[in-house]
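Chains A and B, in that order, give the protein sequences. Going by the working numbering, 2 is the number at position 2 of the first sequence; the sequence numbering is gapless. Going by the working numbering, 407 is the number at position 407 of the second sequence; the sequence numbering is gapless. Below is one structure; the comments refer to it alone.
There are 2 protein chains.
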Amino acid sequence: MQRLIRRNASATLQKVIKKLHPADIALLLDHLRSSEVKVVFSTLENTEIAAEVLSEISYSTAAELLETLKPAIIAEILTEMASDDAAEIIADMPDELTDEVLKLMEDKNSDLVEELLSYTEETAGRIMTPEFLALKGDLRVEDAIREVQKASDAEMVFYVYVVDQEQHLMGVISLRQLVTGSPDKLLKEIMISDVIRVRTDQDQEEVARLVARYNLLAIPVVTERNKLVGIITVDDILDVISDEATEDIMRMSGTSQQDIEASNAIQASRIRFPWILTNLIGGIGAFLIISRYTNLFQQLSALIGFIPLILGIGGNVANQSSTSVTQGLLSGVISPHRIGWVIFRELRIGLILGFSYGLLTGFITFFLTSMDIGCGIAIGVALSVVIIVSTMLGSFFPILFQRINIDPAIASGPIIISIIDFIAITLYVAISALILP
Amino acid sequence: MQRLIRRNASATLQKVIKKLHPADIALLLDHLRSSEVKVVFSTLENTEIAAEVLSEISYSTAAELLETLKPAIIAEILTEMASDDAAEIIADMPDELTDEVLKLMEDKNSDLVEELLSYTEETAGRIMTPEFLALKGDLRVEDAIREVQKASDAEMVFYVYVVDQEQHLMGVISLRQLVTGSPDKLLKEIMISDVIRVRTDQDQEEVARLVARYNLLAIPVVTERNKLVGIITVDDILDVISDEATEDIMRMSGTSQQDIEASNAIQASRIRFPWILTNLIGGIGAFLIISRYTNLFQQLSALIGFIPLILGIGGNVANQSSTSVTQGLLSGVISPHRIGWVIFRELRIGLILGFSYGLLTGFITFFLTSMDIGCGIAIGVALSVVIIVSTMLGSFFPILFQRINIDPAIASGPIIISIIDFIAITLYVAISALILP
């Protein structure tokens with residue numbers, strides 16, 4: 001493909017691309033340089049295919065690609081797209097362009113997009129699609145099937161939602177139930193009225209949890225007054241779950257999702273900068289502690305050499321505990337009611353690891369420091385205590401955060417690691433000073 | 001609910017539970033103590049409901065609960081379950097019990113379960129369900145609809161797969177196409193023959209990627225010879241995506257998914273132990289470096305105090321880079337062909353962060369060390385270099401790992417952090433020794 005682009009063989013290129021699935025074209029775009037991306041994208045003469053391809057790549061890349069086109073063409077392509085995708089792409093474009101494009105779009109579509117944009121990011125209202133199939137309860141099954149056959153515009157139909165005259169959600173019928181139902185019955189007679197639904201302002205993570213728990217293919221979105229305004233399909237939920245996982249991982253490392261997408265180094269640095277500040281503050285704290293024990297280090301310089309070992313092991317042990325507890329809480333393996341049990345389990349792990357690594361490191365120290373038994377004991381004991389305390393703190397913070405409704409993933413992040421570094425160094429010098437003469 | 005259990009009000013309890021959705025009972029079990037879980041579980045007299053509840057909780061918990069029952073009842077409950085869930089639960093039970101239960105299960109079901117268990121864990125073959133709807137290509141649409149109406153046993157039907165006489169996958173028809181097709185046509189006339197499929201030995205992560213990319217509700221699983229043996233539905237893919245994310249996060253922290261599920265502290269310690277070894281080795285390396293510069297630290301004891309700061313910031317900066325690059329690669333935002341660009345971007349971020357934090361820390365050091373300008377310069381310069389090198393290494397390792405087909409998530413784990421700690425301390429003492437007299 002790259003060879004075709006370099007050879008400027010646009011006719012052949014067009015032929016090759018025509019045969020591909022839009023998702024494959026999207027995948028291809030992900031693997032090309034941005035100049036090549038523009039060439040490939042320009043061969044998609046059909047706005048319908050362009051729309052399908054853009055729905056499959058990241059919203060920010062899609063926005064960048066569209067910005068190079070004329071507003072009229074942008075509007076045309078966005079009109080072809082599902083309005084939830086169109087809304088997310090428009091949200092990533094500069095404000096002036098947004099206004100112009102919205103004006104150029106067909107009224108029906110721009111209204112839908114503007115409605116979606118009116119909801120907060122990462123809520124059900126923002127990610128739902130306002131195109132869905134809703135039928136009145138007093139329709140006959142036979143007629144309903146005919147409606148389904150006509151409704152090519154609505155996103156993949158799996159369920160038919162039943163509403164009253166004011167669009168209030170009354171019930172749901174699966175496509176399969178509809179097909180197997182007797183033609184003469186009314187929809188309200190065969191519908192399930194106990195529908196699992198979400199409100200427009202509910203967090204997308206909660207929506208994903210409901211869809212996963214009840215194995216749904218789509219979930220209806222209603223207003224506070226139970227008016228049906230959209231649906232969220234399972235393919236969007238797949239994206240939500242991936243995105244939320246990435247968000248957690250980024251948060252654990254003291255940065256954020258925006259970092260990945262920032263093409264600009266200054267932007268990315270601005271995201272990372274504040275997290276490093278916590279290390280700086282922790283580091284200054286450690287400096288102040290160590291300064292108070294200058295004499296100890298002057299007399300026994302071997303102690304200096306073990307600072308990295310104590311910090312490295314303490315940090316890792318804390319991280320293992322906090323991650324294990326955090327993931328246990330998030331995945332439901334650890335119930336919030338068994339917290340005493342969790343802390344007790346981590347305490348035992350801390351004791352096992354603390355005792356074994358304390359002993360091992362004590363022995364190694366004894367040989368490294370030319371058979372100095374005092375130094376071996378001091379390092380061994382200090383490391384044991386640091387491991388036990390780090391395990392405890394590592395399991396305590398996520399539980400605390402969960403209780404006060406903060407994302408427990410932060411507990412594995414730089415703030416807590418800085419606190420644990422500081423505590424580890426304090427324990428190290430205090431215990432060494434106590435044991436050594 | 002807990003009050004009802006404590007009061008031993010089993011009749012009321014049973015009445016309350018009867019009204020709940022199986023997924024809600026499962027959620028309830030997650031929030032109860034294990035003794036309470038047993039009480040609630042025992043009120044589910046109906047094996048069908050018990051089966052549904054067990055499908056919704058973690059496989060290991062389900063296995064634990066079942067083990068308390070008689071083998072005949074276990075077999076009865078497992079027979080009611082989808083065979084993919086049954087297989088995973090059986091895989092978590094002790095071997096003797098497994099054999100007994102399989103013998104007691106209905107032949108048809110135990111054969112299916114044994115077939116699933118014959119595939120490697122985390123492959124398409126292991127997570128697929130062998131119960132699906134496949135029809136012959138020369139069937140008429142009308143008759144096919146009748147078959148769909150009869151097929152209540154197959155997992156949620158969205159697609160009808162079309163096969164030849166030897167069960168080879170020929171095409172697919174969506175339920176919607178079937179309903180809207182003219183009754184007299186043959187299936188092979190209206191089917192899409194270009195079906196996206198997976199082989200039994202493909203990794204579940206790859207399967208999830210395909211389902212997400214093409215927005216599928218189910219994907220057919222075929223043998224090497226294209227014989228259709230099962231399907232994987234999107235609800236199972238939701239679980240795969242969550243599990244793989246947890247696996248990545250655990251791996252980043254030097255532990256594993258098994259850690260969360262290990263009820264036994266010794267088991268969990270055994271998982272965490274080896275990762276700490278990398279810190280121990282890195283720590284000993286750092287000790288050897290520092291020992292060679294004992295004179296330097298004796299003369300300028302302020303340098304000791306800054307060791308934690310250098311290590312803390314170096315580690316965090318490396319972690320930010322490696323996580324950002326890893327997630328960028330995994331999510332497709334960073335294309336493997338733009339690696340030069342990524343490294344250049346991280347270099348610029350390293351320069352920005354290195355320069356700003358070097359300057360800031362140099363100033364702070366100047367004041368902390370009673371206006372010692374040499375010390376301020378040494379620490380500032382050393383920190384700058386450490387930040388730049390850590391950023392580079394942090395972005396380099398995930399790219400390297402991806403190239404040689406190792407999970408890049410390991411690059412944020414303890415091994416790399418230990419290496420970076422070691423390099424940071426080496427740079428720190430070398431630069432300080434160079435700058436200070």
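Backbone N, C-alpha and C define an ideal beta-carbon position, used for all residues, glycine too. Remember, it's a predicted structure, so these values are computed and weren't measured experimentally.
Taking a C-beta distance under 8 Å as the contact criterion, A:F396 and A:I410 do not qualify as a contact pair. Within 10 angstroms of the beta-carbon of B:M371 lie fewer than 16 other beta-carbons, which makes it exposed.
In this structure, the beta-carbon distance from A:T426 to A:I289 falls below 8 Å. Rounded to the nearest whole angstrom, the CA to CA distance from B:F132 to B:V148 is 11 Å. Across the set A:D184, A:N226 and A:A72, the C-alpha of A:N226 shows the shortest separation from the C-alpha of A:I196. Within 7 Å of the CB of B:P183, no CB atom of chain A is found; the nearest one sits about 13 Å away.
In terms of Cβ geometry, A:I219 and A:V229 do not form a close pair [threshold 8 Å]. Taking the C-beta atoms as reference points, A:L28 is found nearer than 8 Å to A:V40. The three-state reading of DSSP puts B:S182 in coil, since its state is none of H, G, I, E or B. Here A:S390 carries a helix assignment [DSSP, helix/strand/coil]. Close CB contacts of A:P398 within its chain, under the 7 Å cut and outside five residues either way in sequence, are with S322, V325, T326, L329, P408 and A411 (chain order).
By the neighbour-count definition (other C-beta atoms within 10 Å, threshold 16), B:P130 is a buried residue.
Interface flag for A:E100 against chain B is unset, since no Cβ pair is found closer than 8 Å. With its beta carbon at least 8 Å from every one in chain A, B:H168 lies outside the interface. In the assembly as shown, B:I192 is an exposed residue. Its beta-carbon has fewer than 16 other beta-carbons within 10 Å. Look at A:Q258: its C-beta is not under 8 Å from any C-beta on chain B. With respect to B:A23, B:E56 sits close: the two C-beta atoms are nearer than 8 Å. According to DSSP, residue pairing for A:A134 in a beta bridge involves A:Y161. The residue from A:V240, A:D201 and A:R209 with its alpha-carbon nearest to that of A:E224 is A:D201. Listed by position along chain A, the residues whose Cβ is nearer than 8 Å to that of B:L175 are L175, R176 and V179. Annotated three-state conformation of B:K188 is helix, per DSSP.
When 8 Å is used as the limit between beta carbons, B:A63 is near no residue of chain A, the shortest such separation being about 13 Å. For A:L288, the uninterrupted alpha helix (DSSP H) segment begins and ends at A265 to R292.
Judged by their CB atoms, A:L178 and A:I231 are not nearer to each other than the 8 Å cut-off.
Under DSSP, B:K227 takes part in a beta bridge, and its partners are B:H168. Secondary structure note for A:V207: it is in no beta strand (DSSP E), and the uninterrupted alpha helix (DSSP H) holding it is Q204 to R213. About 6 Å separates the beta carbons of A:L175 and A:F158, which is inside the 8 Å limit, making them a contact pair. For B:V222, the beta-bridge partners assigned by DSSP are B:R199 and B:L228. Residues are counted here when their Cβ sits less than 9 Å from a Cβ of chain B; for the segment 316-336 of chain A these are N316, V317, N319, Q320, S321, S322, T323, S324, V325, T326, Q327, G328, L330, S331, G332, V333, I334, S335 and P336, given in chain order.
In the three-state scheme derived from DSSP, where H, G and I count as helix and E and B as strand, B:I404 is classed as coil.
A straight line joining the alpha-carbon of A:V389 with that of A:V381 spans about 12 Å. As the crow flies, the alpha-carbon of B:I307 is around 14 Å from that of B:I420.
For B:L216, the closest C-alpha among the options A:V234, A:L216, A:R338 and A:E205 is that of A:V234. Per the coordinates, the alpha-carbon of B:D203 lies some 48 Å from the alpha-carbon of B:L360.
Distances from the alpha-carbon of A:L434 to those of A:G413, A:A378 and A:R403 put A:A378 closest. Under the Cβ criterion of 8 Å, B:M250 is counted among the residues facing chain A.
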